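Notes follow the structure.
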Amino acid sequence: MKIYASTANLADVRDFVAEHANRFGFSDREVSNIRLAVDEACTNIIKHAYDFDENQTVVITVSFEGNQIRISLLDHGLAFNPDTYSKPDLQKQMIKKKRGGVGVYLIRKLMDEVIYMKTKNGNEIRMYKKRS
Amino acid sequence: MKNFKINHRQVENVHVLELQGELDAHTASKLEDSLKTLIDTNKHSIIVNCRQLEYIASAGLGVFMAYIEDVRDLGGDIKLTNMTEKVYNVFDLLGFPTLYDIFPDEKEAIERFINADK
């Protein structure tokens, strides 16, 4: 699936991934978690890689390897550096009235494995989740 | 905006925002506008009823994080109620239950506000 980098398309991305995860036999709870992880990843690309430039595109690919789903999101914007990421402290964020920064944490918490790559085709985030 | 609605009603001096649909990075601005309008007009006793909220992403949670301190500084609060299990799980993953008042039912949250005023 290919979308323009607009938050208006997030619902379609969620539905696309959820439909495949559902068909592959994930439980409702697992499908919800996958749906959220993909939303967070796509939101981060739209915000941080593309700075809301709606002319840019994101390619979302879903595949299955054994008993796990693999979801990949590809963009051509600024690369995310996972080394600069630290676990968010919600209380501190509340005091500073800071929002965001929790998407990456959620993705890691919801998926089994998350890999950030820079390839000749752009930046790729690849996420895996095993079916229980 | 696709698939997200907010209904505002008042119970005594408590303002209830009923959320309906999916709250993500696209629809979060709508919630932000509603909260801002309440705060700007000195309405600080706020309940967000999530009974018909089908989905929430971190952008939605971020709106609560951005305004809770302001509201509490003004002597009010944002209390969250009637979450489905699915929605509650997302709040729980980020540790919201220790920092926010979350009630199974709106009635309890209203009583809490009214009793606090006495």
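These protein sequence lines are chains A and B, in that order.
Every letter in the first sequence is one number past the one before it in this note's numbering, and letter 67, counting from 1, is 162.
Every letter in the second sequence is one number past the one before it in this note's numbering, and letter 96, counting from 1, is 621.
Glycine is no exception: its CB is placed at the ideal position from the N, C-alpha and C atoms.
Computed from a predicted structure; not experimentally measured.
Pairwise C-alpha distance: residue j and residue i
{"i": "Glu-135(A)", "j": "Lys-568(B)", "result": "32 Å"}
{"i": "Asp-600(B)", "j": "Val-539(B)", "result": "In the sequence under discussion, the amino acid at residue 600(B) is Gly, which differs from the Asp named in the question. Whole-angstrom Cα-Cα distance: 13 Å."}
{"i": "Arg-124(A)", "j": "Thr-102(A)", "result": "24 Å"}
{"i": "Asp-146(A)", "j": "Asn-117(A)", "result": "32 Å"}
{"i": "Ala-584(B)", "j": "Val-536(B)", "result": "28 Å"}
{"i": "Met-222(A)", "j": "Ile-635(B)", "result": "42 Å"}
{"i": "Pro-177(A)", "j": "Tyr-211(A)", "result": "7 Å"}
{"i": "Thr-606(B)", "j": "Ala-553(B)", "result": "18 Å"}
{"i": "Ile-593(B)", "j": "Phe-638(B)", "result": "15 Å"}
{"i": "Ile-155(A)", "j": "Lys-142(A)", "result": "16 Å"}
{"i": "Asn-574(B)", "j": "Val-153(A)", "result": "34 Å"}
{"i": "Asp-595(B)", "j": "Leu-185(A)", "result": "16 Å"}
{"i": "Tyr-200(A)", "j": "Pro-183(A)", "result": "7 Å"}
{"i": "Leu-542(B)", "j": "Asp-642(B)", "result": "20 Å"}
{"i": "Thr-566(B)", "j": "Ser-167(A)", "result": "45 Å"}
{"i": "Asp-558(B)", "j": "Asp-626(B)", "result": "22 Å"}
{"i": "Ala-100(A)", "j": "Lys-530(B)", "result": "23 Å"}
{"i": "Asn-139(A)", "j": "Gln-545(B)", "result": "24 Å"}
{"i": "Arg-597(B)", "j": "Arg-576(B)", "result": "24 Å"}
{"i": "Leu-618(B)", "j": "Gly-198(A)", "result": "11 Å"}
{"i": "Ala-113(A)", "j": "Lys-213(A)", "result": "26 Å"}
{"i": "Gly-161(A)", "j": "Val-133(A)", "result": "20 Å"}
{"i": "Gly-172(A)", "j": "Arg-165(A)", "result": "22 Å"}
{"i": "Lys-204(A)", "j": "Lys-555(B)", "result": "28 Å"}
Pick from the options that is closest to residue i, judged by C-alpha positions
{"i": "Ser-227(A)", "options": "Tyr-211(A), Arg-221(A), Met-206(A)", "result": "Met-206(A)"}
{"i": "Ile-129(A)", "options": "Ile-140(A), Phe-111(A), Ile-141(A)", "result": "Phe-111(A)"}
{"i": "Asp-630(B)", "options": "Leu-560(B), Thr-609(B), Asn-614(B)", "result": "Thr-609(B)"}
{"i": "Leu-586(B)", "options": "Leu-548(B), Ile-564(B), Asn-640(B), Phe-628(B)", "result": "Leu-548(B)"}
{"i": "Lys-97(A)", "options": "Val-199(A), Asn-150(A), Phe-175(A), Lys-224(A)", "result": "Asn-150(A)"}
{"i": "Ala-550(B)", "options": "Val-108(A), Gly-120(A), His-115(A)", "result": "Val-108(A)"}
{"i": "Lys-604(B)", "options": "Ala-591(B), Leu-619(B), Ser-570(B), Gly-620(B)", "result": "Ser-570(B)"}
{"i": "Lys-611(B)", "options": "Phe-175(A), Val-197(A), Ser-127(A)", "result": "Ser-127(A)"}
{"i": "Leu-105(A)", "options": "Arg-165(A), Leu-131(A), Lys-187(A)", "result": "Leu-131(A)"}
{"i": "Val-588(B)", "options": "Phe-616(B), Lys-632(B), Gln-577(B)", "result": "Phe-616(B)"}
{"i": "Ala-582(B)", "options": "Asn-614(B), Asp-598(B), Arg-576(B)", "result": "Asn-614(B)"}
{"i": "Leu-560(B)", "options": "Asn-532(B), Arg-576(B), Gln-577(B)", "result": "Asn-532(B)"}
{"i": "Ala-174(A)", "options": "Gly-217(A), Gly-120(A), Lys-224(A), Gly-161(A)", "result": "Gly-217(A)"}
{"i": "Glu-219(A)", "options": "Lys-204(A), Glu-208(A), Leu-169(A), Ala-144(A)", "result": "Leu-169(A)"}
{"i": "Arg-534(B)", "options": "Leu-563(B), Phe-621(B), Asn-528(B)", "result": "Leu-563(B)"}
{"i": "Glu-579(B)", "options": "Phe-621(B), Asn-528(B), Thr-623(B), Lys-555(B)", "result": "Asn-528(B)"}
{"i": "Glu-208(A)", "options": "Gln-163(A), Val-157(A), His-171(A), Ser-158(A)", "result": "Gln-163(A)"}
{"i": "Gly-196(A)", "options": "Phe-628(B), Asp-602(B), Ala-591(B)", "result": "Ala-591(B)"}
{"i": "Lys-225(A)", "options": "Cys-137(A), His-115(A), Phe-159(A)", "result": "Phe-159(A)"}
Limits of the unbroken beta strand (DSSP E) element including residue i
{"i": "Lys-555(B)", "result": "Premise fails: Lys-555(B) lies in the alpha helix (DSSP H), 553-565, not in any beta strand (DSSP E)."}
{"i": "Thr-102(A)", "result": "Per DSSP, Thr-102(A) belongs to no beta strand (DSSP E) and is neither H nor E."}
{"i": "Tyr-592(B)", "result": "Run containing Tyr-592(B): none in the beta strand (DSSP E); it sits in the alpha helix (DSSP H), 583-598."}
{"i": "Thr-606(B)", "result": "602-606"}
{"i": "Phe-529(B)", "result": "529-536"}
{"i": "Leu-542(B)", "result": "539-548"}
{"i": "Arg-165(A)", "result": "163-170"}
{"i": "Asn-218(A)", "result": "217-225"}
{"i": "Lys-213(A)", "result": "208-214"}
First and last residue of the uninterrupted alpha helix (DSSP H) at residue i
{"i": "Phe-159(A)", "result": "Taken as a continuous stretch (DSSP letters only), Phe-159(A) belongs to no alpha helix (DSSP H), being part of the beta strand (DSSP E) at 152-160."}
{"i": "Asn-128(A)", "result": "123-139"}
{"i": "Gly-198(A)", "result": "198-205"}
{"i": "Arg-637(B)", "result": "631-642"}
{"i": "Lys-611(B)", "result": "610-618"}
Distance cut-off 7 Å: residue i Cβ against heavy atoms of the ligand NAD
{"i": "Lys-225(A)", "result": "The ligand NAD is not among the ligands present in this structure, which contains no ligands whatsoever."}
Any residues in the stretch 556-588 of chain B with a beta carbon nearer than 8 Å to a beta carbon of chain A? Which ones, in chain order? Tyr-580, Ala-582, Ser-583, Ala-584, Leu-586, Gly-587, Val-588
Residues in the stretch 607-620 of chain B with C-beta within 7 Å of chain A's C-beta atoms, listed in sequence order? Lys-611, Val-615, Leu-618, Leu-619, Gly-620
Please list the residues of the stretch 122-136 of chain A that have a C-beta atom closer than 9 Å to any C-beta atom in chain B, keeping them in chain order. Asp-123, Arg-124, Ser-127, Asn-128, Arg-130, Leu-131, Asp-134, Glu-135
Where the stretch 196-209 of chain A meets chain B: residues whose CB sits under 7 Å from a CB there: Val-197, Gly-198, Leu-201, Lys-204
Short of 7 Å Cβ to Cβ, which residues in the stretch 149-171 of chain A face chain B? none
Selection of the stretch 101-113 of chain A by Cβ proximity to chain B, strictly under 9 Å: Ser-101, Thr-102, Ala-103, Asn-104, Leu-105, Ala-106, Arg-109
Using a Cβ-Cβ cut-off of less than 7 Å, list which residues of the stretch 591-602 of chain B approach chain A; keep chain order. Ala-591, Ile-593, Glu-594
Where the stretch 541-554 of chain B meets chain A: residues whose CB sits under 8 Å from a CB there: Glu-547, Asp-549, Ala-550, His-551
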